[in-house]
Amino acid sequence: MAYDKFTILKSKAVPLPTENVDTDQIIPARFLKATEREGFGDNLFRDWRYDVEGNLKKDFVLNDPTYSGKILVAGKNFGSGSSREHAVWALYDYGFRCVVSSFFADIFKNNCLNIGVLPVTISAEFADTLFAAIAADPTTTVEINLPQQTITLLATGASESFDINEYKKDNMQHGFDDIDYLINMSAEIEGFAASR
Amino acid sequence: MEKNTLFDKIWDTHVVKSVPAGPDVFFIDKHFIHEVTSPVAFLNLEKRGIGVKYPHRTIATPDHNVPTVDQDQTIKDKLSRMQVEKLRENCAKYDIELHDLGSAHHGIVHVIGPELGVTQPGMTIVCGDSHTSTHGAFGAIAFGIGTSEVEMVLATQCIMQSKAKKMRISVEGTLGKGVTSKDIILYIISKISAAGATGYFVEYAGSAIQSLSMEARMTICNMSIEMGARGGLIAPDETTFAYLQGKQYAPKGADWEKAVAYWKTLKTDDGAIFDKELVFEAADIEPMITYGTNPGMGIKVSGNIPTTQGMEGSNKNSYLKSLDYMGFAPGEAVKGKLVDYVFVGSCTNGRIEDIRAVAQFVKGHQKAENITAWIVPGSREVEKMAHEEGLVKILEDAGFELRQPGCSACLAMNDDKIPAGKYAVSTSNRNFEGRQGPGARTMLASPLTVAAVAITGRITDPREVF
Ligand code: SF4
Chain A
1 MAYDKFTILK SKAVPLPTEN VDTDQIIPAR FLKATEREGF GDNLFRDWRY DVEGNLKKDF
61 VLNDPTYSGK ILVAGKNFGS GSSREHAVWA LYDYGFRCVV SSFFADIFKN NCLNIGVLPV
121 TISAEFADTL FAAIAADPTT TVEINLPQQT ITLLATGASE SFDINEYKKD NMQHGFDDID
181 YLINMSAEIE GFAASR
Chain B
1001 MEKNTLFDKI WDTHVVKSVP AGPDVFFIDK HFIHEVTSPV AFLNLEKRGI GVKYPHRTIA
1061 TPDHNVPTVD QDQTIKDKLS RMQVEKLREN CAKYDIELHD LGSAHHGIVH VIGPELGVTQ
1121 PGMTIVCGDS HTSTHGAFGA IAFGIGTSEV EMVLATQCIM QSKAKKMRIS VEGTLGKGVT
1181 SKDIILYIIS KISAAGATGY FVEYAGSAIQ SLSMEARMTI CNMSIEMGAR GGLIAPDETT
1241 FAYLQGKQYA PKGADWEKAV AYWKTLKTDD GAIFDKELVF EAADIEPMIT YGTNPGMGIK
1301 VSGNIPTTQG MEGSNKNSYL KSLDYMGFAP GEAVKGKLVD YVFVGSCTNG RIEDIRAVAQ
1361 FVKGHQKAEN ITAWIVPGSR EVEKMAHEEG LVKILEDAGF ELRQPGCSAC LAMNDDKIPA
1421 GKYAVSTSNR NFEGRQGPGA RTMLASPLTV AAVAITGRIT DPREVF
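Protein sequences, first through last, are from chains A and B.
By the numbering used here, the letter at position 37 of the first sequence is numbered 37, and the numbering carries on one by one without gaps.
By the numbering used here, the letter at position 162 of the second sequence is numbered 1162, and the numbering carries on one by one without gaps.
Have a look at this one:
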């Protein structure tokens, strides 16, 4: 469904430098039982946030009041594994609007774009810069500028540009989704289907 | 003449339109759905006030979240029951073919597609499940999608996709004794890492691949996603045609001849260019097992867990975190370690060949006392054959517990969970933290290795037992 428009986001960021975070960590399978899209944020990173008895694990970053924000800065190969879109629903529902990493798994990245969470791919060096800046000052503001395709640490001006294809960028900026596009070309698709 | 890869040949004939500076509008021949990733898609269709455009192109089965006992009774878990009932409702409402619990072709979606002959060479196939790559074994472009895309396919039979880069992985030569296709794929992933093929679609080729049965090929394509690839595929050949002939949905009579003639054209032209090519020797591959928390963390069963030499920063931290979760130390051997559970099943190795292999090896033996052994057939058809061939008897005599078809302990959405801290050697495809239950420690291996572990109770090289 159509989602929030995304243009410029200025926010604090939450650091999660762990590598190879798979979608089973983002939302474990046993929380995929709903038939609607609500409430997944409660179980985001469930087994890292809570121990088996349901107590908060204090050392996990989401439980640390020092860090907050709408941007998650994640380690390399984020979102690997299962195609569950629930992983992105959980991130969105928790309050994240943008995930930054030096490397994303493919399906996860597509899923992000499809529901309006912006995946921003940066260099490994810039990821290190971000992690260091957030560690030094957890309140530091990161700006994601979609029209300009830049990510900037406002305190220092350190900045990098990122790629996104024009079509997806346009969708994100207007809050359109692919289905709107596809439905508008049904006649063409019907012709194609008939030939198969 | 232009030289094309198999992937190009299928992709290019399914592009309805290329969006300037954007993805392709990509036509989907067959769409599989299950109870977990489809309900929200149907809900959204309703909100938009639209229906399912081509219902006959979608096939449904409940598999991820179903119990593996008492499938003839009402599902006890409320949420699971609701998901299955929603699937039934949606299929009835939109006229979608459903292979329900207890019916002749119920099973894991990636097991029943090929079994029914729905999966065919040259097709484009998607499903809201990343192991849709399994179907690539037939020379199809098959990959997993998210729920928004499930909705797109239901609504329009298309999704928006950018064409992936192309990689060819060739495995040449003859496999050694006790080495299976599961070992081939675990070996490849261990070499290129769990992210090594991200952005690519992989064609598997070479004499070792060509010599494999369809089931063994499916095991390989299944795990393409575990190295980050969008999917994997293998050119169809006589093995493929022989498997498909006579299957329920396979073409018949003159249509069959016509189809085979077309399928024979589905191979990579000599001289076609890949973005990346890798070649491995079958003789270098030994029985494999994983020791960490992603499928790239694999070694030969007789090997040692890598040390942290050369690692630093978050790379080293992530590595140590993973070993800590597993209760292992860098540098130590895995062989001889005690195990608590073995699991034979999933869309990777839950087919009849896998069950035959395990039964053949455990025949006349008893499982070790410390082991709980579960066998979960990938489908009703597999279950039926296992009974008819006497495999169930052999396995039960050896102390294995047979359950009814479903995804089961592969993702532990139902009650089939490995308890926290326990070690499971599993024929499934993911060893992520908590994948088989909160705190569960999973080691991935072939059905043969799992059989050996079941008998000895410890991590064991199958070549040393049988
Ligand atoms: S068996 Fe496992 S990997 Fe296969 S479809 Fe089911 S949950 Fe996914």
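Every residue, glycine too, gets a C-beta built ideally from N, C-alpha and C.
Asked, Found
"Locate the alpha helix (DSSP H) running through F6 (chain A), then write down its first and last residues.", "Taken as a continuous stretch (DSSP letters only), F6 (chain A) belongs to no alpha helix (DSSP H), as it is neither H nor E."
"Please tell me whether E53 (chain A) has its Cβ less than 8 Å away from any Cβ of chain B.", "no"
"Could you spell out the range, first to last residue, of the alpha helix (DSSP H) harbouring G1113 (chain B)?", "V1109 to L1116"
"Using C-beta distances below 6 Å, list every residue in its chain close to M1385 (chain B), excluding the 5 sequence neighbours before and after it, in chain order.", "I1352"
"Could you check what DSSP says for I151 (chain A) in three-state terms: helix, strand or coil?", "strand"
"What does the Cβ neighbour count give for T1265 (chain B), buried or exposed, with the cut at 16 atoms within 10 Å?", "exposed"
"Please list the residues of the region 59-77 of chain A that have a C-beta atom closer than 8 Å to any C-beta atom in chain B, keeping them in chain order.", "G75, K76 and N77"
"Note down, in chain order, every chain B residue with its Cβ under 8 Å from the Cβ of K57 (chain A).", "Those within 8 Å of K57 (chain A) in chain B number zero; the least Cβ separation is about 13 Å."
"Looking at I1418 (chain B) and the ligand SF4, is the gap between the Cβ and the nearest heavy atom below 7 Å?", "no"
"Examine the ligand SF4 and report whether any of its heavy atoms sits within less than 7 Å of the Cβ of I1108 (chain B).", "yes"
"Report the neighbours of S35 (chain A) on chain B: residues whose CB is nearer than 8 Å to its CB, in chain order.", "Position check: residue 35 (chain A) holds Thr in this sequence, whereas Ser was assumed. Within 8 Å Cβ-Cβ: P1039, V1040, L1043, M1082, Q1083 and K1086."
"In angstroms with no decimal places, state the Cα-to-Cα distance between I1299 (chain B) and G1178 (chain B).", "15 Å"
"Just how far apart, CA to CA, sit E53 (chain A) and P1020 (chain B)?", "52 Å"
"Buried or exposed: where does V1339 (chain B) fall if 16 or more other Cβ atoms within 10 Å of its Cβ makes it buried?", "buried"
"Under DSSP, the alpha helix (DSSP H) around R49 (chain A) begins and ends at which residues?", "R46 to R49"
"Ignore the nearest five residues each way along the sequence and tell me which others in T1268 (chain B)'s own chain have a CB closer than 7 Å to its CB.", "T1005, L1006, E1203 and A1235"
"Taking K12 (chain A) and T140 (chain A) to be in contact with their CB atoms under 8 Å, please state how far apart those CB atoms are, rounded to whole angstroms.", "7 Å"
"When you compare only the Cα positions, how much space is there between L1045 (chain B) and E1151 (chain B)?", "7 Å"
"Using a Cβ cut-off of 9 Å, pull out every chain A residue sitting near C1221 (chain B), in sequence order please.", "Here the premise fails: no neighbours, minimum Cβ distance about 16 Å."
"Give a yes or no on whether the minimum CB-CB distance between M185 (chain A) and chain B is below 8 Å.", "yes"
"Under three-state DSSP, which class holds F1274 (chain B)?", "coil"
"Please confirm whether K1009 (chain B) has its beta-carbon closer than 8 Å to some beta-carbon of chain A.", "no"
"Quick check: the Cα distance between T1132 (chain B) and V1109 (chain B), rounded to an integer number of angstroms?", "9 Å"
"Quick check: the Cα distance between T1308 (chain B) and M1443 (chain B), rounded to an integer number of angstroms?", "20 Å"
"According to DSSP, is C1407 (chain B) part of a helix, a strand, or is it coil?", "coil"
"Along the alpha helix (DSSP H) that carries R1356 (chain B), what are the first and last residues, could you check?", "I1352 to V1362"
"Helix, strand or coil for H1014 (chain B) per DSSP?", "coil"
"Any heavy atom of the ligand SF4 closer than 7 Å to the Cβ of H1131 (chain B)?", "yes"
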